[in-house]
Structures are given as C-alpha cells and as structure tokens.
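Here is the structure we will look at.
In structure tokens:
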C-alpha cells in the first residue's frame, strides 16, 4: 500500500482532490475501454451493476497507489459503496454546468442542502482511455468542497482533470465539478465510484507527521479543523479574531465564507460562543442555522451537552439539526445517544433518518445502541432502513446481536438495504454472520456472461 504523504494529504484537505496514474500496463485500460463500449452498445449503462459487467475495473481500485490514497483519506477500513456509474461524454457535447453530486447516495442534508465538512465520503473518477482537454474530461473547482454557494467561484478558473488512460482522481464528495465540452469525434468514458468511511479517525492514516502549514486564506480555519479531525498533528490552533458579538453578526451574513469562518471561530470562543451557535439552530435565516451546524460540529466535547439539550426541543427542525450535529461530532456526540435512540420513534421519518445516521458515527462501540438500530431495519421508510444497515456496518463486531435482523433484511425490496446489510454482516465477521452472508451470496450470485 502506498499511502499519501503529509504534503499530499494537506493538499487534499485544502483543494478537495488528488490525481495520479497507477502503473498498470496500457493493455488493462484498453481492455476496460473496449468492454465499456461493448457493454453500452449491448446492454446500456449498467449503473450499480458495473463491476459484474467489467470486473477488471476492480484491479484499478486494488492498486497500492489507489488503495493507499483511499485509506489515507477514509481510513483503512473504508467501504466501496454500492453506487457507481459510467459517464460517457459524447462527441460534440457542450458539457455540463458546475454542480455538486446529489445527496441521495451519501449522508443526507438536514436543511437547505447543507453538506458536511468531515471527510466521510469520497468519489473516484477513472478514465479507461487517453482524455486530453479537448475530449471533455471532468473539471473540478478546487477548494469548493466546504461551501454551499458559489460565491468564491463565480470567476475562478476550473481545473481540467485530464490525463492518460488509467488516470484516477479522488475527490471530496462535495467538490464542484462538471463534464467539459467534448470537441473531438470520440466518446469519452469516465467511471465514477463512491467510497465511505466506516470508522471515525483517531490518528493519521497517511505517511508522515508534519504539522499543519497555515495560510492567510479565508477558509484556513476550516482546513485546519479538518486536518485535526483526520488526526493530523495540531500545530498552533488559531484563536478567535473577533468578539462573540462581532462573530454573531457575521454568522449568516451576505458572505458565506465569512459566515462559516465565524461559526468556526465561535466554536473556539468558549461557552458563550457555543451557546450563540446553539441559539442559531432555531434562526429563521437558513444560512445562519446551516453554518451554525458547522461550528457546533467542530466544537468537540464542549458542544455535546448543549446539543443534547437542543435535541429535546419542541421544534422538530431544531431537534433534527441538533441530532445531525451530534452525529457529526463522532464519539464526542455519544452523550446524546439517549435522545438519538428516542428519536427513532419520532413520527417524522426525516428525524428518524438523521437519528439512525448519527448513531452510526457517535455510538459505534456502544452495545446499547444495537437493538434500536436493528429495529429500524423494519422502518416503513426505505431511507431509514438503509441508513440503519449502514450504521450497523460501521459498528462492526459490536453489532453482532443484530445478525438475525440483518439476515432478514437481505430480503428487503430496497437494493441499498440489502447491500448495506451484506457489508454489515461482513464487518461483524462472527461465524453466524459469515454463514448468513455466504448463504445469501450463493443464492444471488450473478454470472455476467449469461445476461
């Protein structure tokens, strides 16, 4: 395994991407390109069934450079998510507009398409053919992954992720990107895969141990926090540059960059700063309450008790935002485990969804959370059920008592519920879990050569 260096990891935290070309022979990529053409002509886009159609693609993601980069970013036990897609850019296309991928395959937004800064999701883009700029590669907008609006990027130059056959780019799930115009007479294929973190970071999973190199960029506080969250050596933590009153005035203001920065500074401003962020969760301004969540998620243990109290609010929106932030705190959020479990019985499926997601990050080693999450595998809402299965997968062997419920969930009508239940049984790894898993796989094995 070839892990990222300190410099590469710091670049990923700042810019939201890393690009390289694994040293496989050209014949592998040519075989994948040829099979992609044949597949699309005969069957169309297989979407999530891509790997059974072209299993050679797995070699790309098994390469020590690719595997090492994903391990560095998402931890050694990262999961190849069920979502994958072939994106074909046809000759003469005009390309796409800049966008962030929808949240339907990742952790769901609590309001206003609010994203999450902690790196629990990443995507990989792979080209099976030479892809120069004129052929319409994917373009990315570096440093866009931590902001919800395009305020800083309206006039910023895009970065073409062009490259020779075999080029792989790993990007933060929330980075702005698009397909560029294809000015050639050839089809450009790009294979996209999604990956998710399974365990919360506690130490660096890359090579090195250098301290964070600060900059004067307006997003510096975000980057420094994300580096620390990954387990990077801290260096000198930046202190608030303004009073709590001044930062409160910036929170939710016209500049999103200034607003998010204010949220992070309030998180460093003691009890008064945290309380200001808590109060903003019920604000009528969508931007103010959205950015308050980022600050609370960065405040660590100091935010756990106030968020737990907010999660008992009579306002369903405040409860959902508080539970979402508790989950984003990871293990620091386990103080709110009881209110998360209680929320699994809420009449709002959105609140149940956020609660079961939050338990998967905040209560990964808490046996008392297993039964409530397993019961959520029978929820009437399919998103709640699939989130429950993924949370049990993140709990690993702690979730062993859920094996009977997971075995039953292998017959769920929703593809993601079945798939995440397979992963949960694999992560649990007990003889009972392995027997249920193998029995299911034997019955569902698909031979791609037969149809």
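In this note's numbering, the protein residues as written are 223 to 673. Positions of the beta carbon are idealized from the N, C-alpha and C atoms, including for glycine.
Using the Cα positions of residue 594 and residue 565, report the straight-line distance between them to the nearest angstrom. If you take the alpha carbons of residue 594 and residue 565, they lie about 10 Å apart.
Tell me the DSSP secondary structure of residue 285 in three-state form. The answer is coil: DSSP assigns residue 285 none of H, G, I, E or B.
Is the Cβ-Cβ distance between residue 270 and residue 304 less than 8 Å? yes
Should residue 609 be labelled buried (16 or more other beta-carbon atoms within 10 Å of its own) or exposed? buried
Nearest-angstrom Cβ-Cβ length linking residue 391 and residue 383, presumed shorter than 8 Å: The Cβ separation is near 5 Å, so the contact holds.
For the beta strand (DSSP E) holding residue 246, just list the boundary residues, first then last. Where residue 246 is concerned, there is no enclosing beta strand (DSSP E), given that its DSSP letter is neither H nor E.
What three-state label does DSSP hand residue 394 in the structure shown? strand
Which first and last residues belong to the alpha helix (DSSP H) in which residue 234 is found? Start and end: 228-237.
Can you say whether residue 561 is buried or exposed, counting buried as having 16 or more other CB atoms within 10 angstroms of its CB? Buried, because 16 or more other Cβ atoms sit within 10 Å of the Cβ of residue 561.
Taking a contact to mean a Cβ-Cβ separation below 8 Å, would you say residue 302 touches residue 330 in this structure? no
In chain order, which continuous runs of the beta strand (DSSP E) of length 3 or greater are located wholly inside the stretch 597-662? none
Residues bridged to residue 382 by DSSP? When DSSP reads this structure, residue 382 sits in a beta bridge with 361.
What residue range does the beta strand (DSSP E) around residue 310 cover? 301-311
Between which two residues does the alpha helix (DSSP H) carrying residue 562 extend? 559-565
Hey, could you find the ends of the beta strand (DSSP E) residue 275 is sitting in? Premise fails: residue 275 lies in the alpha helix (DSSP H), 272-275, not in any beta strand (DSSP E).
Which word fits residue 719, buried or exposed, when buried means at least 16 other C-beta atoms lie within 10 angstroms of its C-beta? Residue coverage of the chain in this structure runs from 223 to 673, which leaves residue 719 outside it and unanswerable.
To which residues of the same chain is residue 295 closer than 7 Å at the C-beta, ignoring the five residues directly before and after it? 234, 341, 344, 392
Element boundaries [alpha helix (DSSP H), containing residue 496]: 492-502
Buried or exposed for residue 692, please, with buried defined as at least 16 other CB atoms from any protein chain shown within 10 angstroms of its CB. Outside the shown range of the chain, which is 223 to 673, sits residue 692, and nothing can be said about it.
In terms of residues, what are the limits of the alpha helix (DSSP H) holding residue 338? No alpha helix (DSSP H) holds residue 338; DSSP gives it neither H nor E.
Alpha-carbon to alpha-carbon, residue 479 and residue 628: 43 Å
Close-in-space but distant-in-sequence residues of the same chain around residue 299 (CB under 6 Å, 5 per side omitted): So the qualifying residues of the chain are 420, 421.
Presumed contact (8 Å Cβ cut-off) between residue 438 and residue 386, rounded CB distance: Their Cβ separation, rounded to whole angstroms, is 36 Å, which puts residue 438 and residue 386 out of contact at 8 Å.
Would you mind giving the Cβ-Cβ distance between residue 241 and residue 389, rounded to the nearest angstrom? I have them listed as a contact below 8 Å. Contact flag correct, Cβ pair sits at about 7 Å.
Cα separation between residue 364 and residue 451? 20 Å
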